[in-house]
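What follows is a set of notes on a single structure, which appears directly below.
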Amino acid sequence: MEKLPRRFQFYALAVTAVASGALWIGAPSISWDRWPELLMFTVLITLASMFPVPNPRGGVITITATLFYVLLCVHNPATVLLVSGAGFGLGQAISRGWVPWRTIFAGAQLGLSAALASSAFRSLGGSLENPGVLSLLLPLTLASLVHQASNNLFISWYFGWLRRMPFLRSWIDEFKDYLWDNLLTVPTAALLAVLYITVSPLTLLLYLVSLPAQRWAIELYLQHRRLFGQAIGSLVLAVDASFPQGKGHSRRVADIAVSTARELGLTDSVVDGIEIAALVHDVGMIGLDETVESNEIGDSSKFLEHVRVGAEVAREIPRRDVGDIVLYHHERFDGTGYLGLKGSQIPLGARIVALAEAVEPLIRSSPPSSGDSLDESVIRKIRDGAGTLFDPRVVDAFLTVAKDDPSLLHSGSDPSASMLVAQPETRS
Amino acid sequence: MSASGRIYAAILRATGSFAIVGAASLVLWRGVTLQDFVIVALMVPTTWVRINLEPKGYVTLAPLVVFTGFLLADTAVALFVAAVSPLVGAAASGRQQWTNSLGEAGGEAIAALAGIVLVSLVGLQLRTPGSVGWLAPFVLASASYICLRFLLAAVDAKLSEGVRLLTYSNAAGKSIAENLALLALLAVGVSYLGAAYGQSNYFMLAIATIAIVEAYNPFKQLSDQRDVLFASLGMVAHAIDLKDAYTGRHARDASDIAVRIARAMRLSEPEVRKIKFAGMLHDIGKIGVSGKIIRKPSSLNVAEMAEMRRHPVIGAEIMRPVELLAEASEIVMHHHEHFDGSGYPDGLRGEQIPVGSRIVLVADAFNAITTDRPYQKARSKAEALKVLRSHAGTQFDPQVVKALEGVIHLVP
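Chains B and H, in that order, are what the protein sequence lines are. In terms of the working numbering, the first sequence opens at residue 1 and continues consecutively. In terms of the working numbering, the second sequence opens at residue 1001 and continues consecutively.
This is the structure:
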């Protein structure tokens, strides 16, 4: 991002002008007499915005929000505008390099958001005199929402242009994405604000001490997630090797299931469960004799057995949903499947995996020349199954994804750069 | 598990049930105040944060509420919180076994009771922080709570996993003591805040507790992910057993036996961990070998034998790219080497064979002999040991066989 588009420069200029205007008007009320506190806040915010903590859900988060919320409880809006804007801008300049437009814009938009939130806090009757749900928690929660909404507004306005996405939608998406993280900071901020007033402003420093420990834990968590992925991956390799549909099948089924689940708006934790289940859905196959050919698998009683055994194996993972998805992934929507579950009796995850499993070979065998869209005949086949084989809602979601994200159709990434392939099954 | 382990667990469970009923009736008899309700309610978020430790043990934030109870509430309330917290935690996370939780309840109750009894024995009384002479009884009560929790956890680890006290105090035991001490400190702060805003304002009590829960949350997530990670290895082990279908537990039992032997031989904890993984996954290479060969009841011809003998190499190849398992792959690679050099794939002998491989070989053989197989009925542990002894020095490392003899009553 060396050269910024002209349009953005105007936008940044406008935001900066508004922030400066607000600062000019509010200047008389800035509490300069408490300058050591202001200095401490500026330094802390600068440090915090230079200290990114990896977000377990991807990307990084900075812990500046907590500091802003403490700040807006204990100072007036003009002071908040000055301190948070200056601190955040400085932090950006130091950690990401001094790019005038971007840095000043970052500071200005953040200062404005925090100042707005601070006004909201005050006008909602927020105070630290006698902290309670109505006097502190509720106003602070609403103020945090104002801060987040305004901050997201500035950002998504800009990115809406850049990515040609409808602005309202990207704003709402952004707001939803960070809502939970944001709300979680409120109790801590409330506590720190009370301590700030009743004990000493220096208690904030104590809080900062705990951050490296938290970061350490999060980093280790992410490492464990990666290791978990690898461990599952090795199992998946083994499963695919002893299964006629061949290598990469499980991974591709998982990719399709995950995208479909996201399209359906499921939460991260649910999507995680679906991904794991989709990866190991055929694990019961390991126990099957290789004499069972793929075409006769359909009506073999051994096949039903693989589902049961697979579910039993998958239950080793301490998540109920995974085992259930594996157990029910061969159910049909109209209730004519193996175990006779019907419609919403079948876990949603299992309905998704069922579709993904059926779709994966179709996509793979469709001619590569079909390019960036699904073959019409494939779409027709899938549509035909809606309501009988598949959940129509899941079918719609999948077709939407397939249209929006064609990369899904040829995720030919071959994770099995490996050993099991060097040892092919001897089949009779 | 050994007989003493079972008795210990039963005693804890009995104590747990007794403490829950006793403390609950005591609280009801003395009368419940609004504050008691608040403190008991705080148990829910604090027990939700549960961090499982390696090799054994756990930390939850419930002691924060117990310590706060020491300072602000009646001792009966503190005892009640301690005893009930494992059950509440189990309900909150929804995946604990109730019998385990009851045992944990016993441990918590004993620890809390020790603190309370000790304080009253020396003639002191627990009081609100800030009042005259509050510090000494609190320090006494919380210190004895911490000591007992530590001791009980160490005994549990010794009995159920064979971890020695010194090893334990350097690993999980240390985390337990440190975290509980930190929670005692935090409880003082929380109680100060709670007391400062008067008996009617519980807002600060709740906010402070929730903020602490939040700060601990990354560690909970880490622990949960680690549990899932280890469970996934269990899943892989189970899947391997499908290939060799006489039991679904062989790999894990073999791993447990190997771990027992390794601890009896006083290997370091990282080494034990490697052996644990290797024990679970030692046959992962069989996944690449045709099931017809593996399950063939008659003896194998030369070609089949050659294919079968490739499984340690294939297994090591599967494990090597997985960070967590890379170190254990060496053990898997050599788990069919014989002590006299007649094994495969490299024909290593004696001390050349990694100690983990020598242990896994013995554990694997022992478990195989004591379980039903297609071509042979299960034999008793004594018979199995006799077989192993007769091959000690040729196939098996005599030292490993000897170590197994020492822990034979502890293994499945």
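No residue lacks a Cβ here, since even glycine has one placed at the ideal position from N, Cα and C.
Compare the beta carbon distance of residue i and residue j with 9 Å and say whether it is the shorter of the two.
| i | j | result |
| --- | --- | --- |
| G1106/H | T1047/H | no |
| S123/B | G91/B | no |
| T16/B | A108/B | yes |
| A120/B | L264/B | no |
| A1316/H | S1329/H | yes |
| L1042/H | I1176/H | no |
| P1129/H | L1121/H | no |
| E357/B | H306/B | no |
| L116/B | H147/B | yes |
| I1257/H | G1279/H | yes |
| T1394/H | H1311/H | no |
| I1284/H | M1308/H | no |
| V313/B | H1238/H | yes |
| L227/B | L44/B | no |
| A1196/H | T188/B | no |
| A1141/H | I1116/H | yes |
| W180/B | W171/B | no |
| A1187/H | T1075/H | no |
| G284/B | G310/B | yes |
| G89/B | T103/B | yes |
| P318/B | D1227/H | yes |
Could you round the C-beta distance between residue i and residue j to whole angstroms and report it? I think they count as a contact, below 8 Å.
| i | j | result |
| --- | --- | --- |
| V1400/H | V1362/H | 5 Å |
| A1254/H | D1241/H | Incorrect: roughly 10 Å between the Cβ atoms, too far for contact. |
| H330/B | G337/B | 6 Å |
| L1126/H | F1070/H | 5 Å |
| I274/B | A257/B | 5 Å |
| L67/B | A19/B | Not a contact, Cβ separation roughly 19 Å. |
| F333/B | T388/B | 6 Å |
| L128/B | V194/B | 6 Å |
| K1056/H | V1163/H | 6 Å |
| L47/B | G85/B | The Cβ separation is near 16 Å, so there is no contact. |
| R251/B | V236/B | 6 Å |
Which residues in chain H sit within 8 Å of residue i, going by Cβ to Cβ distance?
| i | result |
| --- | --- |
| F228/B | Q1225, V1228, L1229 and S1232 |
| G132/B | N1201 and F1203 |
| L44/B | By Cβ distance, chain H contributes nothing, its closest Cβ being about 17 Å from L44/B, past 8 Å. |
Using a Cβ-based criterion (distance less than 8 Å to any ligand heavy atom), does residue i qualify as near the ligand NAD?
| i | result |
| --- | --- |
| V1272/H | The model on display carries no ligand, and the ligand NAD is accordingly not part of it. |
By DSSP's criteria, residue i is part of a beta bridge. Which residues make up the other side?
| i | result |
| --- | --- |
| V1411/H | According to DSSP, which records beta bridges pairwise, V1411/H is partnered with nothing at all. |
| R1373/H | Q1376/H |
| R1050/H | T1060/H |
| F159/B | In the DSSP output, where bridge partners are listed per residue, F159/B has none listed. |
| V1065/H | DSSP lists no partner for V1065/H. |
| A386/B | F390/B |
| F1396/H | A1392/H |
Name the chain H residues whose beta carbon is nearer than 7 Å to that of residue i?
| i | result |
| --- | --- |
| A190/B | I1207 |
| P52/B | Residues of chain H passing the Cβ test: none, with the nearest at roughly 14 Å. |
| S144/B | Near S144/B there are no residues of chain H at all, since even the closest Cβ is about 14 Å away, more than 7 Å. |
| H329/B | Here the premise fails: no neighbours, minimum Cβ distance about 16 Å. |
| I286/B | A1239, L1242, K1243 and I1287 |
| E316/B | A1231, G1234, M1235 and H1238 |
| H249/B | Per Cβ cutoff of 7 Å: no residues; H249/B is ~16 Å from chain H at best. |
| M184/B | It is Leu, not Met, that sits at residue 184/B in the sequence shown. Ordered by position in chain H, the residues that pass the 7 Å Cβ test against L184/B are E1214. |
| S49/B | None at all; the shortest Cβ gap to chain H is about 20 Å. |
| S210/B | A1215 |
| H224/B | L1222, Q1225, R1226 and L1229 |
| V283/B | A1239 |
Under 7 Å Cβ-Cβ, which residues of chain B neighbour residue i?
| i | result |
| --- | --- |
| I1419/H | With chain H covering 1001 to 1412 only, the question about residue 1419/H has no answer from this structure. |
| E1323/H | L227 and Q230 |
| P1218/H | Q214, A217, I218 and Y221 |
| I1176/H | Neighbours of I1176/H on chain B: none; closest Cβ ~17 Å, over 7 Å. |
Could you list which residues in chain B have their beta carbon closer than 9 Å to that of residue i, in chain order?
| i | result |
| --- | --- |
| A1092/H | Residues of chain B passing the Cβ test: none, with the nearest at roughly 14 Å. |
By the criterion of Cβ-Cβ separation under 8 Å, what are the contact partners of residue i in chain B?
| i | result |
| --- | --- |
| A1196/H | T198 |
Item to check | Given 8 Å, three or more beta-carbon pairs between the stretch 1214-1222 of chain H and the stretch 1088-1104 of chain H | outcome: No, they do not touch.
Next on the checklist: Could you check whether the stretch 1007-1021 of chain H touches the stretch 1049-1060 of chain H, counting it as contact only if at least three pairs of C-beta atoms, one from each stretch, sit closer than 8 Å?
Outcome noted: no
Checklist entry - Are three or more beta carbon pairs between the stretch 345-353 of chain B and the stretch 317-327 of chain B nearer than 8 Å? => result Remark: three or more beta-carbon pairs, one from each stretch, lie closer than 8 Å, so the stretch 345-353 of chain B and the stretch 317-327 of chain B are flagged as touching.
Checklist entry - Touch check for the stretch 30-37 of chain B and the stretch 69-82 of chain B: three-plus C-beta pairs under 8 Å? => result yes
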